[in-house]
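I have placed the structure first, in the form of structure tokens, so that the comments after it can refer back to it.
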Amino acid sequence: MFCFPSPYDSKTNRDFRRSALTDYLASNNISAQQIRDDWDRRQAEAQRQPDQAEQSSNAPEESRSPSVLASPEDPIKKRKREQAIAKIKNSKEFAKRKARFSGDYDDEGDDNLLALKIHEEKNQPKPGQLANCEICDKRFTVTPYSKAGPNGGLLCVDCSKKQKAVDKKPPAKKRGPGIGRRQNQANLLDGLTPHGTQSLLETCIKKVADYIHDIEDFGDLPPSLLVRLGQILSRRRAVTSRTLDLFLRPHYTSIDLFDCAKLGTDDYHKIMASMPRLTRVNLRFTTPMKDQIFHYMMERDMEIKDLHLDGPNLVTDACWRQLFMKLGHRFLSFKLWNLDSAFDNETAQLMCLHCPNLQRLKLKFLHKIDNEMLEGISTLKSLQHLSLRFLNETEIKTDPLLEIMSSVGHQLETLSLEECEFVDDRLLQHIHEHCRHLTKLRLTLNSTFTDKGLDALFAGWSNPALTYVDLNSLRDVDMTNPTGPEEPIGLASDGFLALMEHSGSKLQYLNISSCRHISYKAFEQVFAEGKMYPNLKYLDISFSTAVDDYLAQCILRCCPTLQRLVVFACFKIRDVRIPRGLALIGTVGATIKIDGITQIATI
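Reading the sequence shown from the start, the letters are residues 1 to 603 in full-length UniProt numbering.
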């Protein structure tokens, strides 16, 4: 017969309780020997001399680990800890943590501190175990809710409450009523926020951009999505040496990066070496780019046909000339922006000589080119797209542009000439006579063209209807005479009527900003009842002070597919009803009704 021990048997009861306590400690990974050793250590530390404690407290914080006590460390434990830290520094988690910092974690000391912090986090006591509070040294049981102290240790309940009170942020400053709503409506009117929810694709792309530093690879994304990600990251100035690796695909033939300001010379070498099949290169803000990059391209005899660079100011004229002589016969498109220390007239003429197959040429804001460069462009017999923008101090003459129109005007599909201040009506006449295939025309920032010359350009022009027209800032610049001279300068009523008569049926984009001599009657005639412009999606009539609420409603009636209407300085627009999906940009203090919902424009 089995008998239980009597609870009144003192020896048997003591042995039973010792067995239960031992089982509990073992099941929770608690060592009685460890508790005894910790108690002895605390007693020994309490009996130390005050001067030793003061010397330990005044020691530089960088000379010791936040979690290591002043007592000498066991060499075996120290060696194991150093091995663990070295292993952590080679891990992906360490790289992700380091990437979150904005350039301050560069030296070895900071790397060691970060690795030590990760090591301590991994070796903190688990819930259910006992630990000492970092602040008061009190023994407590660790729970999943135990807070971390300032030096990486754990805090007891009382110290956690005190620390939470210290770290508590002040209450957020209350915003005035309606500020958030007003900003949202301003974004809606500007077209920055679409009506309704975003597409799932756009939401996913923005979410990827938010966590770009935690992403190791994009996977098999199509080129169009890579371009969209590049746009978002460039806008956030997040294209760095690390994120660049996500865009390098050996089997792709093109790369588009719109902000390369944080890349170095080695990164450009990496682009060329990782993508040997490149035929199209579009890089913006390429200030660190140097001659070595082009030498690498020439040594590898790369098949680049489309080269678009913005701001490569460190590339010399000698290197540009070598590039054109070596690879110029392959170039079909060449676009160059913002250079002030290189690329002179001689280099431009050499480009025209060694790039006979150029179909698209865009040169903007190049400080060292002038009329001499224009003579070489007339020799490009394959040119179809020409875009030039000069500086204000560059006095461009009419005769070289006339030679270009006579030589290649019959094959041009797009023509963009900006800031040609002193070019006269003879250019308009040559465009009318020689250009037969234009779909895009941009003539801006000129105070010499006359309304009569623009009327003659569009009236009876054998060129098909244009789809893109930009004629902004064609006006008289004498601000002391707001009505202008007797014979109108720039785009005025007759030229506007001739333009809409010729191209209104196909026009998709129209910018007549600052053409302030177009009359009320001309607007009323162009947008009269019965007129229809079914393809017009963008219209900019800023600084056309004649436009009022009635003309604005006529414009909306005649343009059923209009998406953006820009009306800066059109102060007579005070109360207008616009359809949903249209962005009315530039109104100040006007009452705007969107499908019956009244808004007060604050922009």
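Note that beta-carbon positions come from the ideal geometry of N, C-alpha and C, so glycine has one too.
Residue nearest to Lys117 within the set Gly153, Glu418 and Met275 is Gly153 (criterion: CA-CA distance).
Taken in chain order, the complete beta strand (DSSP E) segments of 3 or more residues contained in the region 442–518 are 468–470 and 509–511. Annotation for Asp476: Ser447, Gly484, Pro485, Pro488, Ile489, Gly490 and His517 place their beta carbon closer than 8 Å to its own, counting only its chain and skipping 5 residues before and after. Annotation: Asn151 to Ala99 spans about 22 Å, alpha carbon to alpha carbon. Taking 7 Å as the cut-off, the Cβ atoms of His437 and Glu413 count as close. Judged by beta-carbon spacing, Asp455 lies beyond the 7 Å limit of Asp424, meaning their Cβ atoms are not closer than that value. Below 8 Å, too few C-beta pairs join the region 219–227 and the region 238–245 to call them touching: fewer than three.
Under DSSP, Ala131 shares a beta bridge with Phe140. A direct Cα-to-Cα measurement between Ile369 and Val227 gives close to 32 Å.
In terms of Cβ geometry, Pro356 and Glu375 do not form a close pair [threshold 7 Å]. Looking at the backbone, the Cα of Ala44 and that of Asp38 are separated by about 10 Å. Among the bridge pairs identified by DSSP, Ile585 is matched with Val566.
Taking Val315 as the centre and dropping the five residues before and after it, the same chain places the C-beta of Met289, Lys290, Asp291, Phe294 and Ala342 closer than 7 Å to its C-beta, in chain order.
Within the same chain, and ignoring the five residues on either side of Leu339 in sequence, the residues whose Cβ sits closer than 8 Å to its Cβ are Gly311, Pro312, Asn313, Phe365, Leu366, His367 and Lys368.
Distance from the Cα of Ser542 is smallest, within the candidate group Leu562, Lys572 and Met532, for Lys572. Contact between Asn535 and Leu565 is absent: CB atoms are separated by about 15 Å, not below the 8 Å threshold. The continuous beta strand (DSSP E) containing Phe365 extends over residues Arg360 to Leu366.
For Glu419, no beta strand (DSSP E) encloses it, and the DSSP letter there is neither H nor E. Comparing alpha carbon positions, the residue from Cys420, Leu427, Arg426 and Gly328 closest to Leu380 is Gly328. Put simply, of Pro560, His354, Lys521 and Leu307 the residue whose alpha carbon is nearest the alpha carbon of Asp548 is Lys521. Secondary structure at Tyr145: coil, using DSSP grouped into helix, strand and coil. Measuring C-alpha to C-alpha distances from Leu233 to each of Tyr211, Leu428, Pro250 and Ser254 identifies Tyr211 as the nearest. For Ser333 against Arg300, the beta-carbon gap comes to about 20 Å, at or over 8 Å, which does not count as contact. Gly581 has its alpha-carbon roughly 24 Å from the corresponding atom of Glu524. Take Glu93, set aside five residues on each side of it, and the residues of its chain with a beta-carbon closer than 8 Å to its own are Ile118, in chain order.
In the three-state reduction of the DSSP assignment, Ser91 falls in the coil class, being assigned neither a helical nor a strand state. Counting the other CB atoms within 10 Å of its CB gives Glu82 a total below 16, which places it among the exposed residues.
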